[in-house]
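Undergrad: I have a structure I would like to understand better, so I am pasting it below and will then ask my questions one at a time.
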Amino acid sequence: MRRVLVIGASGFIGLNVVDALLAKGFTVRATRRGTTVTAFLRKRDVELVEASLEEPATLRAAMEACDGVILAGAHYPRYSIDRAGSIERGVLGVKNACAAARDARVRRFVFTSSVGVLDAAPAGRSADERDVAREIPTDSVYRAVKWAMEHEVERAALEGLPAVSLLPGGCIGPWDLRVGTGAILVGTVRGLIPWWTDGTVNMVDVGDVAAAHVAALEARPGTRYCIPGHDVRVGALLDRIVRRFGGVMPPLRLTHQEARRRADQEELEAAPRGARVPVPRELVDLVAAGQPVSAALAQRELGIPLTPLDVALERAHAWFVRFRYLPRPDTKEGITHDHA
Amino acid sequence: MTTPDTRTRIVAAIAKIAEVEPSRVTGAQRLREDLGMDSLGSLELLSLISEELKIDLEMEDAMDIVTVDDACAFIEKVRAEGERLVPQV
Numbered sequence: 202m203r204r205v206l207v208i209g210a211s212g213f214i215g216l217n218v219v220d221a222l223l224a225k226g227f228t229v230r231a232t233r234r235g236t237t238v239t240a241f242l243r244k245r246d247v248e249l250v251e252a253s254l255e256e257p258a259t260l261r262a263a264m265e266a267c268d269g270v271i272l273a274g275a276h277y278p279r280y281s282i283d284r285a286g287s288i289e290r291g292v293l294g295v296k297n298a299c300a301a302a303r304d305a306r307v308r309r310f311v312f313t314s315s316v317g318v319l320d321a322a323p324a325g326r327s328a329d330e331r332d333v334a335r336e337i338p339t340d341s342v343y344r345a346v347k348w349a350m351e352h353e354v355e356r357a358a359l360e361g362l363p364a365v366s367l368l369p370g371g372c373i374g375p376w377d378l379r380v381g382t383g384a385i386l387v388g389t390v391r392g393l394i395p396w397w398t399d400g401t402v403n404m405v406d407v408g409d410v411a412a413a414h415v416a417a418l419e420a421r422p423g424t425r426y427c428i429p430g431h432d433v434r435v436g437a438l439l440d441r442i443v444r445r446f447g448g449v450m451p452p453l454r455l456t457h458q459e460a461r462r463r464a465d466q467e468e469l470e471a472a473p474r475g476a477r478v479p480v481p482r483e484l485v486d487l488v489a490a491g492q493p494v495s496a497a498l499a500q501r502e503l504g505i506p507l508t509p510l511d512v513a514l515e516r517a518h519a520w521f522v523r524f525r526y527l528p529r530p531d532t533k534e535g536i537t538h539d540h541a
Numbered sequence: 002m003t004t005p006d007t008r009t010r011i012v013a014a015i016a017k018i019a020e021v022e023p024s025r026v027t028g029a030q031r032l033r034e035d036l037g038m039d040s041l042g043s044l045e046l047l048s049l050i051s052e053e054l055k056i057d058l059e060m061e062d063a064m065d066i067v068t069v070d071d072a073c074a075f076i077e078k079v080r081a082e083g084e085r086l087v088p089q090v
């Protein structure tokens with residue numbers, strides 16, 4: 202396999218996947234849309250093509266002569282407000298990508314899913330690939346969208362698409378331009394998180410997830426792999442961040458129910474302005490549904506590394522400092538308008 | 002000194018990212034404090050400018066830009082250095 206198309210290549214996971222592919226000698230084609238931050242992709246040895254998940258013809262053209270396709274940029278609902286609309290948009294994009302990949306007869310289609318599609322594991326063991334929820338989650342827009350998209354890939358696989366799904370935990374590391382899971386780090390260090398709720402989260406170095414994407418290009422079609430990284434309690438993670446990088450422990454601890462109500466209220470207020478909230482509802486949902494997840498299958502079959510959590514946090518912190526999301530430790534830069 | 006055309010294009014890019022009218026953008030305005038740009042906004046701006054003006058920006062260096070005038074001066078400097086590097090035939 203030589204040429205691989207990365208959809209979502211300018212995003213957090215996408216840029217790391219591009220780097221991992223280039224390091225392994227692949228020829229990389231990368232999609233962009235009109236509003237994409239392309240500066241970082243243009244500095245890499247990739248072929249940039251205009252394509253959108255909403256436009257099947259652009260996808261077919263982008264996949265021409267590609268051996269593999271990595272869909273790392275499926276729909277990510279910014280707010281947990283419009284459940285039906287978010288599911289519809291997410292499923293349509295994935296359906297278009299799967300159809301184009303079938304037409305292009307690619308050898309492998311790798312889909313970036315999430316541990317959020319997992320149901321609670323039976324008592325006595327960690328969750329794993331067997332535990333993908335049988336029904337669409339009803340208590341979380343984010344998890345419902347992820348589940349619906351995963352289901353769409355599964356449907357395409359049954360119709361012959363050689364698909365592999367990866368279920369990463371919350372990724373941290375370099376190139377988190379839009380500050381996804383890294384908001385826990387940036388928000389804590391900058392003292393911008395007013396409240397929190399406890400539970401288990403899975404935190405994984407984005408480099409490990411990128412390596413899994415490359416390995417998945419040769420994995421068995423029809424397989425899914427959990428890439429959870431480290432199981433850690435939110436309180437312990439916040440405490441670790443404060444001790445290591447500074448900042449303050451968020452002052453108010455809420456129950457899951459209180460946190461959901463608060464996040465919903467803050468998202469409703471922020472959405473008309475297009476603003477971010479300190480703790481998005483999807484994070485609350487992931488914490489509330491959080492559980493230890495096993496990476497055994499991925500480690501056995503994909504041979505991916507497990508970067509220590511402290512190293513992953515250091516890598517993420519260094520990147521956020523490099524691009525001024527966080528002040529440099531040797532300066533007295535003040536807090537600005539950034540919101541994690 | 003930025004050429005009028007380059008300055009107009011930079012101001013247009015700033016206005017687009019900050020979602021304000023170009024006529025309301027002044028040289029002394031600060032990208033973060035006055036125009037509400039965060040780190041992502043700064044990256045979007047620099048990416049847009051580097052693509053439109055076809056120049057290669059070192060994004061980390063550019064992250065210390067404070068005002069609209071600073072942005073124009075920085076980009077003019079990068080362009081001038083780029084032109085010096087072009088072989089004269």
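Chain order of the listed sequences is L and W.
Residue numbering for the first sequence follows the working numbering, beginning at 202 and increasing consecutively.
Residue numbering for the second sequence follows the working numbering, beginning at 2 and increasing consecutively.
Each residue gets a CB set at the ideal place from its N, CA and C atoms; glycine is no exception.
#1: Suppose you measure from the CA of Y277/L to the CA of Y343/L; what does that come to, to the nearest Å?
#2: Does any C-beta atom of chain L lie closer than 8 Å to the C-beta of E61/W?
#3: Where does E45/W land, buried or exposed, given buried means 16+ other C-beta within 10 angstroms?
#4: Report the option in G274/L, E515/L and L498/L whose CA atom is closest to the CA atom of G383/L.
#5: Check the Cβ of L54/W against every Cβ in chain L and list those closer than 8 Å, keeping chain order.
#6: Checking the sheet assignment: what are the DSSP bridge partners for I208/L?
#7: Quick check on DSSP: helix, strand or coil for G371/L?
#8: Does the stretch 511–528 of chain L touch the stretch 349–369 of chain L, meaning 3 or more C-beta pairs lie closer than 8 Å?
#9: Using a beta-carbon distance cut-off of less than 7 Å, what residues from the stretch 35–46 of chain W approach chain L?
#10: Which residues, taken in chain order from the stretch 21–36 of chain W, show a beta carbon closer than 8 Å to some beta carbon of chain L?
#11: Within 10 Å of its beta-carbon, does K55/W have 16 or more other beta-carbons around it, so buried, or fewer, so exposed?
#12: Cα-Cα, which of V387/L, P375/L and G448/L is closest to A221/L?
#13: For the beta strand (DSSP E) containing E248/L, name the first residue and the last one.
#14: For A413/L, collect the residues of the same chain with a Cβ closer than 7 Å to its Cβ; drop the 5 residues on either side in sequence, then sort them by chain order.
#15: Would you tell me roughly how many angstroms separate the C-alpha atoms of P451/L and G317/L, rounded to the nearest one?
#16: The beta strand (DSSP E) with M404/L in it runs from where to where?
#17: Is the CB of A517/L under 8 Å away from at least one CB in chain W?
#18: Based on DSSP bridge pairs, tell me the residues matched to W376/L.
#19: Per DSSP, what are the beta-bridge partners of G494/L in this structure?
#20: Taking only runs of the alpha helix (DSSP H) that begin and end inside the stretch 447–473 of chain L, which ones reach a length of at least 4 residues, in chain order?
#21: Do P481/L and A497/L have their C-beta atoms closer together than 8 Å?
#22: By the 7 Å beta-carbon criterion, what residues does the stretch 236–255 of chain L contribute toward chain W?
#23: Counting Cβ pairs closer than 8 Å, one from the stretch 262–279 of chain L and one from the stretch 315–335 of chain L, do we hit at least three?
#24: Would a check of beta-carbon distances place Y544/L closer than 8 Å to chain W?
TA: Once the coordinates are examined:
#1: 8 Å
#2: yes
#3: buried
#4: E515/L
#5: Per Cβ cutoff of 8 Å: no residues; L54/W is ~12 Å from chain L at best.
#6: L272/L
#7: strand
#8: no
#9: G37, D39, S40, L41, L44 and E45
#10: R33 and E34
#11: exposed
#12: P375/L
#13: V247 to E251
#14: L367, Y426, I428, A499, L503 and I505
#15: 24 Å
#16: T401 to D406
#17: no
#18: Answer is none; W376/L lacks a bridge partner.
#19: First, the amino acid is wrong: residue 494/L is Val here, not Gly. Looking at the DSSP assignment, V494/L forms a beta bridge with A328/L.
#20: 457–471
#21: no
#22: V238, T239 and A240
#23: no
#24: Since the first residue shown for chain L is 202 and the last is 541, residue 544/L is missing from the structure and cannot be characterised.
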